[in-house]
Amino acid sequence: MPTYQITGAIPLCGQVPIGGAKNAALPILAASVLCADQSRLHCCPNISDVSNALKILKSLGCKVQLREDCVVVDTYPANRCEIAPNLMATMRAAVIFLGALLARFGEARITQPGGCPLGERPIDLHLLGLRHMGYRCEYEGNVLCCKEEALRGCTIALPFPSVGATENILLAALRCDQEIVLCNAAREPEIADLICYLKKCGAQISGANTSVLRIRGGRRLHGATHTVMPDRMEAATYLCAAAITRGSVELLSAQPRHLTAVLESLKKAGCCVRVSEDRIWLSCKHLHSCGSIRTAPYDAFPTDAQAPMMAAMATGEGSTVFEENIFSDRFRHVPALRSFGADIYAADRYAVVKGVGRLHAANVAATDLRGGAAMVLAALNAEGTSSISNIAHIQRGYESFVQKLSSLGAQIKITE
Ligand code: EPZ
151 MPTYQITGAI
161 PLCGQVPIGG
171 AKNAALPILA
181 ASVLCADQSR
191 LHCCPNISDV
201 SNALKILKSL
211 GCKVQLREDC
221 VVVDTYPANR
231 CEIAPNLMAT
241 MRAAVIFLGA
251 LLARFGEARI
261 TQPGGCPLGE
271 RPIDLHLLGL
281 RHMGYRCEYE
291 GNVLCCKEEA
301 LRGCTIALPF
311 PSVGATENIL
321 LAALRCDQEI
331 VLCNAAREPE
341 IADLICYLKK
351 CGAQISGANT
361 SVLRIRGGRR
371 LHGATHTVMP
381 DRMEAATYLC
391 AAAITRGSVE
401 LLSAQPRHLT
411 AVLESLKKAG
421 CCVRVSEDRI
431 WLSCKHLHSC
441 GSIRTAPYDA
451 FPTDAQAPMM
461 AAMATGEGST
471 VFEENIFSDR
481 FRHVPALRSF
491 GADIYAADRY
501 AVVKGVGRLH
511 AANVAATDLR
521 GGAAMVLAAL
531 NAEGTSSISN
541 IAHIQRGYES
551 FVQKLSSLGA
561 QIKITE
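Per our numbering, residue 151 is the first one in the sequence shown, and the count goes up by one each step.
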C-alpha cells in the first residue's frame with residue numbers, strides 16, 4: 151500500500167505554485183454537460199477526484215481529452231442520464247452531476263455519493279430545492295430517480311447555505327425558462343467560479359458572491375474556455391506547512407482575498423504574512439496560540455482548513471480552542487495527531503489544543519483528505535521519520551504533493 155515516508159524538523163523554504171481549485175473544477179466539469187458542446191478548462195488540477203469526474207463524463211457518452219495545458223471536454227455526444235454506483239461512490243462532488251443531468255435531459259438517476267467521512271452528509275437540501283422548482287425526486291431502492299414534472303419560477307430559501315445544494319439547484323434551475331431565486335445560497339468563491347463559467351456559456355445568472363442568486367434558464371448554452379480559480383485550500387495547507395516547520399514560503403498564483411480568515415488566524419499565531427494580488431508570503435519563527443478557531447460558511451474560517459491549522463497549533467505555545475460548526479464528525483485526525491505527541495482533547499464539536507512545541511515521529515493512516523494533510527504537516531514538524539498510509543485520501547485533492555513539498559526542502563517520498 152503506497153505510504154508517505156517523511157523525515158521532519160526541516161523548515162520549509164521557497165516558492166510553491168498553487169494549482170486550480172478542486173472544489174471549483176469538479177462542479178464546472180459537471181456543469182459542462184449542460185452545454186452539449188466543447189469546453190476547455192485551464193488549471194484543472196491533476197488529482198484523482200478530477201480523474202473520477204472525467205470517468206463520469208465518459209460514462210455519460212462525453213469525449214474527454216487531457217492536453218498539456220488544459221482539459222478538453224465535448225459533451226455533445228452525451229446520451230445517458232444515469233451514473234453507475236461505483237462512480238458515484240468515488241466522491242461527494244459526483245452528486246453535482248444530478249443538477250447538470252436534470253438541466254440537460256430533464257431526468258437523472260444516481261445513488262448515494264461518496265466522499266470524506268465527516269459525519270452525516272445527507273442531500274435533503276439538494277432535494278428540497280429540486281422538488282420546489284418542479285422536479286419529482288423519489289427513491290427506488292437505493293437509486294434516486296429525478297424527473298422534470300412542471301418546472302416553474304419560484305423562490306427557494308435554503309435553511310443552511312450548503313455548497314453542494316447551491317450548486318445542484320443552480321444547475322437544475324437552468325432548465326426552467328422562468329426566473330428562479332435562490333436565497334441563503336452559499337457564497338464560497340468556488341460557486342462564483344462556477345457561475346463565471348456558466349455565464350461564459352451564455353447562462354443568465356446574477357448574484358455571484360452574494361447569498362441571493364437569480365437564475366433564468368431555458369436558453370441553449372454553448373461551450374466555453376475557462377481558467378479554474380486557484381485552490382484556496384491547497385494554499386492554506388502550504389501556509390500551515392510553513393508555520394508548523396518555522397519556515398518561509400511564497401505562494402505563487404494564490405488569491406489572498408479568498409483566505410482572509412486563515413491569514414488573520416496565522417498572523418494572530420505569530421506568522422509574518424505579506425500579500426499581493428496573486429501572491430502570499432509567510433514566514434514563521436515562533437508560533438503561539440491564535441486564541442480560537444470557529445469554522446463557519448464563507449467568509450469565516452473554512453472547515454477545510456481546520457485540520458491543517460490544528461496540526462500547526464499543536465506545535466505552538468499556548469492553547470487554542472477549535473469549534474467545528476460545519477461537519478458533525480470532523481476531528482477524525484485527532485487520534486493520529488496525538489500519536490505524534492500532540493496534546494488535544496476533543497468532545498462533540500470542540501477540541502482544545504495545547505501546544506507542545508516539537509512533535510515526535512509516528513506511523514499513522516490518513517482518515518480523510520484534509521485530516522491526512524494535517525498528518526503530513528505533523529510529520530514535517532516531528533523529529534525522526536514518520537509514515538502515513540492510506541495516502542489515496544490525500545491524493546484526491548493535492549496535485550504533485552510530494553514534488554511541491556520536496557521543492558520546499560521537505561524529505562518526503564512514497565514507498566509501496
Ligand atoms: C463542499 O462539500 C466541499 N466539497 C467540502 O470540501 C467543504 O468542506 C464543504 O463544501 C463546506 O465548505 C466540494 O465542494 C466537492 P455542504 P458539501 O453541502 O457540498 C450539511 C474538501 O475537503 N448538509 O456545504 O458536501 C452537511 O452534512 C471537501 O475539499 C445537509 O445537512 O458541503 C454538512 O454538515 C470536504 N443537507 C453541512 O451541511 C444537505 O442537503 C455542509 O455541507 C447538504 C449539506
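We put the beta carbon where it would ideally sit given N, CA and C, even for glycine.
- Within the chosen limit of 7 Å, ligand 1 does not reach the beta carbon of residue 287 with any heavy atom.
- DSSP places residue 384 in the uninterrupted alpha helix (DSSP H) bounded by 382 to 394.
- Distances from the CA of residue 199 to each of 178, 304, 227 and 276 were compared; the closest alpha carbon is that of 178.
- The way I'd put it, the stretch 351 to 366 doesn't touch the stretch 385 to 401; fewer than three beta-carbon pairs between them come closer than 8 Å.
- Under the three-state reduction of DSSP, residue 359 is assigned to coil, being neither helix nor strand.
- Under DSSP, the beta-bridge partners assigned to residue 422 are 433.
- Sixteen is the threshold: when 16 or more other Cβ atoms of the shown chains lie within 10 Å of the Cβ of residue 287, as they do, the residue is buried.
- In this structure the stretch 441 to 459 does not lie against the stretch 368 to 375, because fewer than three pairs of beta carbons, one per stretch, are closer than 8 Å.
- Residue 279 is a Cβ neighbour of residue 306, given a cutoff of 8 Å.
- In this structure, the alpha-carbon of residue 347 lies about 17 Å from that of residue 336.
- With a contact defined as Cβ atoms closer than 8 Å, residue 513 and residue 478 miss out at about 28 Å.
- Residue environment for residue 426: exposed (fewer than 16 other C-beta atoms within 10 angstroms of its C-beta).
- Shortest Cα-Cα distance from residue 395 to any of 357, 461, 428 and 258 involves 461.
- Less than 8 Å separates the beta-carbon of residue 518 from that of residue 482.
- Here residue 407 is exposed, its C-beta having fewer than 16 other C-beta atoms within 10 Å.
- In its chain, beyond the 5 residues on either side, 259, 260 and 261 have a beta carbon closer than 8 Å to the beta carbon of residue 293.
- Going by beta carbons, residue 437 and residue 393 fall inside the 8 Å limit.
- Comparing C-alpha distances from residue 217 to each of 546, 194 and 203 shows the shortest one belongs to 194.
- Burial state of residue 459 is buried, judged by a 10 Å Cβ sphere holding 16 or more other Cβ atoms.
- Relative to ligand 1, the beta carbon of residue 379 is positioned no closer than 7 Å to any heavy atom.
- Judged by DSSP in its simplified three-state form, residue 232 adopts strand.
- The beta-carbon separation of residue 226 and residue 187, rounded to 6 Å, stays under the 8 Å limit for a contact.
- The residues 490, 491, 532, 533 and 534, in chain order, have a CB closer than 7 Å to that of residue 510 in the same chain once the five nearest residues on each side in sequence are set aside.
- A Cβ-Cβ separation of about 7 Å places residue 247 in contact with residue 183 under the 8 Å criterion.
- At a Cβ-Cβ threshold of 8 Å, residue 402 and residue 166 count as neighbours.
- Taking C-beta atoms under 8 Å as the contact rule, residue 243 and residue 203 qualify, at a distance of about 7 Å.
- In summary, residue 192 is exposed, with fewer than 16 beta-carbon neighbours lying within 10 Å of its beta-carbon over all protein chains present.
- Distance check between residue 296 and each of 310, 303, 319 and 309 places 319 closest, using alpha-carbon atoms only.
- For residue 317, no beta strand (DSSP E) encloses it; the enclosing alpha helix (DSSP H) starts and ends at 313 to 323.
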